[in-house]
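Going by the working numbering, the first residue of the sequence shown is number 1, and it counts up by one from there. Here the structure comes first, spelled out in structure tokens, and everything after it is commentary.
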Amino acid sequence: ARTVRDANGTELKDGDTVTVIKDLKLKGSSTVIKVGTKVKNIRLVSGDHDIDCKVPGIGQMGLKSEFVKKVAE
1 ARTVRDANGT
11 ELKDGDTVTV
21 IKDLKLKGSS
31 TVIKVGTKVK
41 NIRLVSGDHD
51 IDCKVPGIGQ
61 MGLKSEFVKK
71 VAE
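Shown next as structure tokens:
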């Protein structure tokens, strides 16, 4: 089993809540996911992205774990 870690090295699990730590531009769009955007109920996947999630106001997407940090529940 591989472990997925956030930008601070904290281990992530399915269902965690994370926060985006830098502005992320969406490919093929002028939309930007702002710093501090809270993403709830993540799902860990393997592939070019580590996290599948629904970003508020944007919808379904894949994120890389190095651009998020875990929020203490």
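Note that CB positions come from ideal geometry on N, CA and C, so glycine has one too.
| query | Going by the CB atoms, is the gap between K64 and N8 shorter than 8 Å? | reply | no
| task | Using a threshold of 8 Å, state whether the C-beta atoms of K34 and D23 are closer than that. | result | yes
| Which residues bound the beta strand (DSSP E) around G62? | 59 to 63
| message | Going by beta-carbon coordinates alone, are I58 and I51 separated by less than 8 Å? | response | no
| field | Option in F67, C53, M61, E66 with minimal Cα separation from D14 | value | Closest option to D14, judged by alpha-carbon separation, among F67, C53, M61, E66: C53.
| Same chain, Cβ closer than 8 Å to H49, five either side skipped, listed in chain order | Correct list, in chain order: G62, L63, K64.
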